[in-house]
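Taking it in order: structure first as C-alpha cells, then the write-up.
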Amino acid sequence: MTDKHVDFLFVYEVKARELENICLLACELERRGYTTAIVNSWTMLKKKKDSGYSCDTLVISACYNDEVYRFFTGFARRYKKVFCLQWEQVPVNYSYESTEKTSWTYQETALHVRNVCWGRKSWERLVEKFGVDENCARITGYIALDLYLPQFRPLLKSREQLLGEIGADPKKKTCLFVSSFAYVNLPPALEATADEDGKSLTKKISSQSQKLVLAWIEKLLERYPDVQFIYRPHPSEAENLDLLTMQRKHRGFFCVPQFTIRHWIADCDKVYIWNSTSAIEAWVSGVKTYLLRPVSLPRQCDMPIFENSKAIQTYEAFETSVLDQEESNPSLDPAVLDQWYGLHLGQAAYLNICDWLEETRSDSAYQSPQLPRYASVPCWKMWFEYNVVYVWMNFIAHRFNYRLCCVRGWITLLGPEINRSCPRIVRKLYKLVGCGARLAQYGLCMLFAQKQSRETLLPVRRVHEVQQALEAQRLQYWSDRQQIRQTYQQMRAEFKRMVQNRDTRQKKSYDASKYLLNRSSEDEINRIKHQINECL
390 MTDKHVDFLF VYEVKARELE NICLLACELE RRGYTTAIVN SWTMLKKKKD
440 SGYSCDTLVI SACYNDEVYR FFTGFARRYK KVFCLQWEQV PVNYSYESTE
490 KTSWTYQETA LHVRNVCWGR KSWERLVEKF GVDENCARIT GYIALDLYLP
540 QFRPLLKSRE QLLGEIGADP KKKTCLFVSS FAYVNLPPAL EATADEDGKS
590 LTKKISSQSQ KLVLAWIEKL LERYPDVQFI YRPHPSEAEN LDLLTMQRKH
640 RGFFCVPQFT IRHWIADCDK VYIWNSTSAI EAWVSGVKTY LLRPVSLPRQ
690 CDMPIFENSK AIQTYEAFET SVLDQEESNP SLDPAVLDQW YGLHLGQAAY
740 LNICDWLEET RSDSAYQSPQ LPRYASVPCW KMWFEYNVVY VWMNFIAHRF
790 NYRLCCVRGW ITLLGPEINR SCPRIVRKLY KLVGCGARLA QYGLCMLFAQ
840 KQSRETLLPV RRVHEVQQAL EAQRLQYWSD RQQIRQTYQQ MRAEFKRMVQ
890 NRDTRQKKSY DASKYLLNRS SEDEINRIKH QINECL
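Throughout the sequence shown, residue numbering follows the numbering used here, covering 390 to 925 in sequence.
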C-alpha cells in the first residue's frame, strides 16, 4: 500500500477532549501552507492496523516513557520528529509531589520529546522535577480556552439546539455536573493499574462521592421539577449502569457523553465540579462554577488547581447554590489557575503551538528516535518468563548462591584446624566440598551473567574478613529478597492484567465502547474544520 505523506499527523485519544482543539491547530497549519491528517488511536486499535500515513512531524496525545512513545509512534508508518500536546498536565497532589517513579513519571525517551506546557507550573514540573530538556518544553497556554474567544462563538450550539437534541427543556433551569469518577465501575482488567500511589484511596472516595452526588441530584429533582441536571460522565464511565438507571427514573436527569464540554458549559446556568480540570473552562466562560464535595477529599487526592478553593459539602448548601441567583464565582482562586494555565500570555494558545510546530519541523538539530514497534507476545511465553525463568533466576538461584557463600565461609574459617588435626580422608573430603562450592558458584555466575565481588568468588583468608563477608552477604540477601518479591508481585499483576486485556469480555466491551465514543469519520472532521475556517 502506498504511503500518504503529510507534514503533520495528529493522533488523538479522547474525542470530546481533543478533536476540536486539534482541528483548530490543523486549520491554522493548513492556512500557513502545510498538509495535515488526523487519526484516532482507538480506531486504529479496533482495525488492528496503522494509519497509512507517514509524516515529517507526528503530534501525539501523551508521552511519559518508552512504552507510551512506542504506542503512539506505531500509528505512523514513518516519522522524523515527535511533538507532544500532553492533554493531562494537572495531576493530583500525590502524583505532583511524589518522588517515586510511576507510570506517570517522565522518563527515558520522553525527556527528549517536545512537550506543550499550559502554564508555569507545568513547565517547572517537567524541567525541574523530571529533567526534561529545556528546549523540549515551552509555555503556550491552554488551547481549549481559545475556543471561548469571541471569534469562535459561532462554533457553539445554541441552548435550544443543544438541549433539544437530548430531549431537555431549554426553558428550565439547567445545571451541569462534570464527573471525574474515573475509577468507579472500572473493568477488572484495568484495576491492576489503578492502585498506583494513592489511587486506591481515590477509588474508594470516588465511589462514595458519586453515590451521594446522585442521591442529592435525585432529591433536588423530586423537590423542584423545574430544574434539570446534565451529568457529563468521565470517558471511563461508559459502562456505568447506575447512570442509566437514574436517567430512566427521572425525566430531568440526562447522562450525556456527546459533544465537547464547552457546549454544555456555555449553555447551562451553573456548573458543578468534583475534581475535574474542566473547572478552568467553566471559570473562563463566566458561568457560575462550584466545587461539589459531599465526601471530604484528602489533600493527596485533590488537584493543585483547587488550592484555596471552597467546596460545597452538604445537601442544604447544594440546594441553595442551585436556587440562588448570585452572580459571583465563589469556588476558585484565579491566581492559582493562572499558574497552571497561563491566562495572560498575550497571544492565543493555538498560535503559540503552531509557531512551535513550525519551528520543530524546520529545526534540523531536533530529531526523534525510532523505537521498535510493539510486537504481539503470546501469553504462554509471558507465563513462562514470569513464572519459570524469573522465579528460577531470582528465588532458587539467588538463595542457593547465598547458601554456597555460607558453606565456603565456614570451610575457609575451619580450614586451618582441619588441616592440622583431622585425618587425611577428612582433609580430602574438606577440599572436595570446597572445590564443589566454588565450581557451583562459578557456574551460577556464568549461567546468569552475574558479576560477583572478589570477596564472594575467592576464598577469604582471615577469620574477621570471613565474618564480615558473611554478615554483608546476609544483609544483602534479605534486602534483595524483599526487592525481588516486590518486583515479582508487580510482574504477576502486570501479567494478570495483560491476560485479562486479551481474554475478558468485559474489557473487550469496554474497549468497544471507547471506540464508539471516540471515533470520527473524515466527513465529521472536515465539517469541524470547515466551521473553524469560517471563524479564522
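Ideal Cβ positions, reconstructed from N, Cα and C, are used throughout, including at glycine.
Note that the structure is a prediction, hence the values are computed from the model and not measured.
Quiz item: Counting pairs of Cβ atoms below 8 Å between the segment 502-510 and the segment 524-531, do you hit three or more?
Solution: yes
Quiz item: Just how far apart, CA to CA, sit Leu536 and Ile650?
Solution: 11 Å
Quiz item: What residue from Thr749, Asp615, Arg466 has the CA that sits closest to His639's CA?
Solution: Asp615
Self-check item: Secondary structure of Lys490, DSSP reduced to three states
Solution: coil
Quiz item: Between which two residues does the beta strand (DSSP E) containing Thr749 stretch?
Solution: Premise fails: Thr749 lies in the alpha helix (DSSP H), 738-751, not in any beta strand (DSSP E).
Quiz prompt | Residues that Ser443 bridges to, as DSSP identifies them | solution = His394
Quiz prompt | Distance between Lys560 and Ala671 (C-alpha atoms, nearest Å) | solution = 21 Å
Exercise. Please report how far the alpha carbon of Ala706 lies from the alpha carbon of Tyr620, in whole angstroms.
Key: 19 Å
Quiz prompt | Integer Cβ distance of Leu945 from Ala655, believed to fall under 8 Å | solution = Because the chain in this structure spans residues 390 to 925, residue 945 falls outside the shown range and cannot be described.
Practice problem: Note down the Cα distance separating Ser665 from Leu474, rounded to an integer number of angstroms. | Solution: 19 Å
Self-check item: Backbone secondary structure at Thr563 - three-state DSSP
Solution: strand
Quiz prompt | Other residues of its chain near Asp522: CB distance less than 7 Å, five sequence neighbours each side excluded | solution = Leu500, His501
Self-check item: Rounded separation between Phe472 and Gln496 - CA only
Solution: 16 Å
Exercise. Within its chain, find whatever has a CB closer than 8 Å to the CB of Arg459; leave out the 5 residues flanking it on each side and keep chain order.
Key: Leu760, Pro761, Arg762, Tyr763
Quiz prompt | Collapsed DSSP secondary structure at Phe382 in the structure displayed | solution = Since the first and last residues shown for the chain are 390 and 925, residue 382 lies out of range.
Self-check item: Extent of the continuous beta strand (DSSP E) run through Arg459
Solution: Segment 455-462 is the alpha helix (DSSP H) holding Arg459; no beta strand (DSSP E) there.
Quiz item: Applying the criterion that 16 or more other CB atoms from any shown protein chain within 10 Å of the CB defines a buried residue, is Glu409 buried or exposed?
Solution: buried
Self-check item: Nonlocal neighbours in the same chain, by C-beta distance under 7 Å from Glu708, ignoring five residues either side
Solution: Leu609
Quiz item: By DSSP, does Ala838 sit in helix, in strand, or in coil?
Solution: Its pLDDT being 41, under 50, Ala838 is placed unreliably in this model, and the coordinates cannot settle the point.
Quiz item: At what residue ranges does the segment 482-542 contain a whole run of the beta strand (DSSP E), taking only runs of 3 or more?
Solution: 503-506, 526-528
Exercise. Take Pro622 as the anchor and find which of Glu417, Gln599, Tyr613 has the nearest alpha-carbon.
Key: Gln599
Self-check item: Residue closest to Asp455, alpha-carbon to alpha-carbon, out of Pro758, Gly441, Asp912, Leu864
Solution: Pro758
Exercise. For Cys331, I'd like the list of residues in its chain whose CB is within less than 8 Å of its CB, leaving aside the five on either flank, ordered along the chain.
Key: As shown, the chain starts at 390 and ends at 925. That puts residue 331 outside it, with no answer to give.
Exercise. Return the CA-CA distance between Val457 and Ile449, expressed in angstroms with no decimal places.
Key: 10 Å
Quiz item: Distance, Cα to Cα, Glu923 vs Ser595?
Solution: 42 Å
Quiz item: In chain order, what residues of the same chain lie with their CB nearer than 6 Å to the CB of Arg750, ignoring the 5 residues before and after it?
Solution: Asp445, Thr446
Quiz item: Whole-angstrom Cβ separation of Asn504 and Leu515, contact assumed at under 8 Å?
Solution: 6 Å
Quiz item: At a Cβ threshold of 8 Å, is Gln597 touching chain C?
Solution: Of the protein chains in this structure there is only one, and it is not chain C.
Quiz item: Just how far apart, CA to CA, sit Leu632 and Leu551?
Solution: 20 Å
Exercise. Starting from Ala426, follow the beta strand (DSSP E) in both directions and report where the run begins and ends.
Key: 425-429
Quiz prompt | Tyr730 - DSSP class collapsed to helix/strand/coil | solution = helix
Quiz item: Taking the alpha-carbon positions, what's the Pro617 to Glu554 distance?
Solution: Residue identity differs from the one stated: residue 617 is Gln in this sequence, not Pro. If I take the Cα positions, the gap works out to 15 Å.
Quiz item: What's the C-alpha gap between Val403 and Phe541?
Solution: 21 Å
Self-check item: Assigned secondary structure, Tyr704 (DSSP; H/G/I helix, E/B strand, else coil)
Solution: helix
Self-check item: Residues bridged to Leu610 (per DSSP)
Solution: Bridge partners of Leu610: none, in fact.
Self-check item: Cβ shell of Val428 (< 8 Å), same chain only, five flanking positions each side left out
Solution: Leu398, Phe399, Val400, Tyr401, Ser440, Tyr442, Phe464
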